[in-house]
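The structure appears right after this line, and notes come after that.
Numbering (my numbering), first residue to last: 633 to 784.
This is the structure in structure tokens:
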């Protein structure tokens, strides 16, 4: 399975988390890491699994590097049926709209027909747990579900 890890960041935190996750997954999967600013939503492939790591900026806004991606999705309105993705949001619970950046990407992809795999992951910068510990267990759960989908 090809895993595309896409990150949306303001200060680089999501990029660091994405790179650490890629290193953890790279021995068992073909993994590519890209900035959401460079992602071509029209080129999303059905044979890939997209793991999106997204921070939150300001009052629950998308980080700067995710804004062009969101604008392109709104402008082009792609049909993402068959595309699978998972989202891990980074935020700080001491601020209102904690982790909203990742939620916005999740809502956007879902509204265009893509299917989220696994749970929405979340890291709270106000806590004591490092994001790498959380993303590794989150990715494990996502990959398990991707290989063995839960059916209703």
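Where a beta carbon is used, it is the ideal one built from N, C-alpha and C, also for glycine.
- Message: DSSP has residue 646 in a bridge; who is on the other side?
- Response: Bridge partners of residue 646: none, in fact.
- Query: Could you give the distance in angstroms between the alpha-carbon of residue 652 and the alpha-carbon of residue 764?
  - Reply: 7 Å
- Message: So, under 8 Å CB-CB, residue 701 and residue 673 are touching, yes? Tell me the CB distance rounded to an integer number of Å.
- Response: 7 Å
- Query: For residue 686 versus residue 656, is the C-beta distance shorter than 8 Å?
  - Reply: no
- Backbone secondary structure at residue 738 - three-state DSSP: helix
- Task: Just mark residue 723 as buried or exposed, buried being the case when its beta carbon has 16 or more other beta carbons within 10 Å.
- Result: buried
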